[in-house]
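Chains as they are written, first to last, in this note's numbering: chain A, 1 to 191; chain B, 192 to 380. This report refers to the structure that appears directly beneath it.
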Amino acid sequence: MILVDQTKLKSFIRYIDAKLDHPVSLYIAGGSAVVILCPDAQSTKDIDTFSSNELLLIKKINKSIPPDISLDINNGINTFEAYLPDDWKNHSIHSSIFSGKYLQIYTLCPEDLVLMKTFRFNSKDAQDIEKLLALDSFNKNKYKKRFMEMFRAAPPGQPIVHAGSFAMIWKKIHPGSSITAQKILKLADLE
Amino acid sequence: MEVVLNQKKIKELIKINGYNVRSLALQANLSRQGYYDMFKSDYQPVSKGLYAVAEVLGVSPIDLLTESDNTLRELNQLLHNAAQGDARNFEVLPAIIYSAVKKSIPVNGTNTINNRILAAAAQIAYSITNKKKLQLLATKLEQQERRNAFFFGSDLMELTHIIQMTPVPMAKHNVFGVFELKDFERHFK
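What follows is the structure in structure tokens.
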């Protein structure tokens with residue numbers, strides 16, 4: 001198994017769920033979150049989650065999973081928390097389809113997923129962003145508002161680069177838009 | 192369970208029995224091309240050719256078979272998806288190519304786009320592992336036609352941005368995408 005789709009992710013989650021005896025919440029970001037929200041998406045074997053005591057328990061269970069179901073669950077996404085508003089959890093989405101009896105699965109909302117990917121913006125992120133933008137539920141104004149909020153908070157990285165990434169994404173949302181990186185910097189009083 | 196011809200074992204038996212490919216094929220009533228076709232991924236392993244070669248080498252046909260390795264199938268799937276522009280599939284490709292080369296599985300594409308992508312992936316694998324065979328593979332696959340290029344992420348990103356952010360091993364083969372080498376490295380476990 002190289003890449004993970006919804007079926008493989010469900011198999012993993014079901015196995016973990018069967019080994020639990022109390023409710024556990026798992027907040028997922030990154031490519032796995034895109035797989036949960038977008039049926040045709042694939043991710044690599046890493047499941048990026050936010051740190052919690054429950055993650056240690058799940059990692060322990062993961063050691064006993066058959067290799068063809070096992071995935072690499074980690075809290076590497078913590079390094080990207082600097083790109084998220086503090087209230088990300090309040091906007092997270094519960095996935096009833098992926099959740100089990102005990103293991104409750106949450107993803108970042110599509111706008112926050114695109115937000116995180118805007119600040120990294122590599123080729124993988126670009127393809128995930130396109131899928132997320134295509135969701136009926138995607139709220140472009142919410143995305144823009146949360147981006148400007150984080151942008152003004154001066155997250156790690158060069159402002160001109162982040163502004164450029166946002167401009168490219170916004171042009172996809174609004175073809176023909178005259179937005180530029182410079183305009184974003186001016187709007188954020190960062191020129 | 193899928194089976195394929197055990198190329199390594201057949202080579203060993205050819206050597207032990209004092210043959211070369213030409214004389215073996217002659218004895219087995221095969222053309223040289225027919226002999227090499229036996230190792231292609233779509234060849235039906237249990238065939239007249241297998242029986243003929245086994246008889247010449249003095250072994251049972253079963254001795255020339257081995258369980259199919261998933262590597263070639265995975266590589267072909269990743270390549271197919273990468274050629275459609277999937278950056279995530281391309282990210283895993285260098286590690287699978289490294290795995291294929293270690294197992295002496297032949298790596299080649301069926302068209303110029305595939306070969307360009309494979310060359311770039313092999314070059315990345317070489318830059319990570321420093322294994323000469325990967326550099327040789329990248330050179331062998333390298334496309335002389337420099338006018339064409341392949342881009343990952345071009346639906347959303349500006350081409351100049353993609354070109355600026357492409358790792359050198361990829362750009363060398365006119366394959367462009369916004370990656371960091373560590374993105375590829377994590378699949379080499």
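Glycine included, C-beta positions come from ideal geometry on N, C-alpha and C.
Subject >> From A:D136, A:A134, A:L113, A:L135, residue whose alpha carbon lies closest to that of A:D125 >> reply: A:L113
**OP:** Starting from A:T118, find everything on chain B with Cβ-Cβ shorter than 7 Å and list it in chain order.
**Re:** Those within 7 Å of A:T118 in chain B number zero; the least Cβ separation is about 11 Å.
Original post:
Could you check where the beta strand (DSSP E) with B:T257 kicks off and where it finishes?
Top reply: 256 to 258
Original post:
What does B:F370 reach in chain A if we use C-beta pairs closer than 7 Å?
Top reply: N122, S123
Subject >> Among B:N302, B:A273, B:R279, B:L325, the one whose alpha carbon lies nearest that of B:E336 >> reply: B:N302
Original post:
Taking buried to mean at least 16 other C-beta atoms within 10 Å of its own C-beta, is A:L132 buried or exposed?
Top reply: buried
Original post:
Counting along the chain, where does the alpha helix (DSSP H) carrying B:Q326 start and finish?
Top reply: 323 to 332
Subject >> Spatially closest choice to B:V195 from B:I207, B:V237, B:A216, by CA coordinates >> reply: B:V237
Original post:
From the DSSP output, which residues share a beta bridge with A:D46?
Top reply: A:D72
Original post:
Would a check of beta-carbon distances place B:N280 closer than 8 Å to chain A?
Top reply: yes
Original post:
Quick one: which chain A residues come within Cβ less than 7 Å of B:L327?
Top reply: By Cβ distance, chain A contributes nothing, its closest Cβ being about 25 Å from B:L327, past 7 Å.
**OP:** Could you give the DSSP three-state label for A:S25: helix, strand or coil?
**Re:** strand
Original post:
Bridge partners of B:F367, per DSSP?
Top reply: B:F342
**OP:** Output the distance between the C-alpha atoms of B:G209 and B:A310, rounded to the nearest integer angstrom.
**Re:** 36 Å
Original post:
Quick one: what's got a C-beta closer than 6 Å to A:A163's C-beta in the same chain, skipping five residues either side?
Top reply: A181, I184, L185
Original post:
If you draw a straight line from the alpha carbon of B:V244 to that of B:G225, how long is it in whole angstroms?
Top reply: 11 Å
Original post:
Can the beta-carbon of A:S123 be found closer than 8 Å to that of B:F343?
Top reply: yes
Original post:
Is DSSP giving B:T351 helix, strand or coil here?
Top reply: helix
**OP:** Taking only the alpha-carbon atoms, compute the straight-line gap between A:M116 and A:L84 and give it to the nearest angstrom.
**Re:** 7 Å
Subject >> Rounded separation between B:L248 and B:K322 - CA only >> reply: 34 Å
Subject >> Proximal residues, the segment 166 to 177 of chain A versus chain B, C-beta separation under 8 Å >> reply: M168, I169, K172
Subject >> Straight-line Cα distance separating A:Q127 from B:T357 >> reply: 16 Å
Subject >> Separation of A:S43 from B:Q334, as counted between CA atoms >> reply: 30 Å
**OP:** Kindly list, in the order they appear in chain B, the residues whose Cβ is closer than 7 Å to that of A:I77.
**Re:** Within chain B, no residue comes near A:I77; the closest Cβ sits about 14 Å away, beyond 7 Å.
Original post:
Does the segment 90 to 106 of chain A come close enough to the segment 15 to 30 of chain A to have 3 or more Cβ pairs within less than 8 Å?
Top reply: yes
Subject >> Per-residue contacts from A:T44 into chain B (C-beta, under 9 Å) >> reply: R279, E282, V283, R377, H378
Subject >> Limits of the unbroken beta strand (DSSP E) element including A:Y102 >> reply: Neither: A:Y102 is in no beta strand (DSSP E) and is coded neither H nor E.
Subject >> Span of the alpha helix (DSSP H) around B:L196 >> reply: It is not in any alpha helix (DSSP H) - B:L196 instead sits in the beta strand (DSSP E) that spans 194 to 196.
Original post:
The alpha helix (DSSP H) spanning A:M262 covers which residue range?
Top reply: Absent from the structure is residue 262 of chain A, since the part of chain A shown begins at 1 and ends at 191.
Subject >> Interface flag, A:E149 vs chain B, CB-CB below 8 Å >> reply: no
Subject >> Top-ranked residue by Cα proximity to B:P297, from B:E376, B:E258, B:L263, B:S345 >> reply: B:L263
Subject >> Run of the alpha helix (DSSP H) containing A:L20, from where it starts to where it stops >> reply: Looking at the DSSP string, A:L20 is not in any alpha helix (DSSP H), and its letter there is neither H nor E.
Original post:
Among B:L327, B:E376, B:L347, B:N197, which has the Cα closest to the Cα of B:Y164?
Top reply: No answer is possible for residue 164 of chain B: the residues shown for chain B start at 192 and end at 380.
Original post:
Leaving out five residues before and five after A:Y106 in sequence, what residues of the same chain have Cβ atoms less than 6 Å from its Cβ?
Top reply: Y27, S92, H94
Original post:
Grouping DSSP H, G and I as helix and E and B as strand, with all else coil, what is B:H378?
Top reply: coil
Original post:
Is B:I296 helix, strand or coil by DSSP?
Top reply: coil
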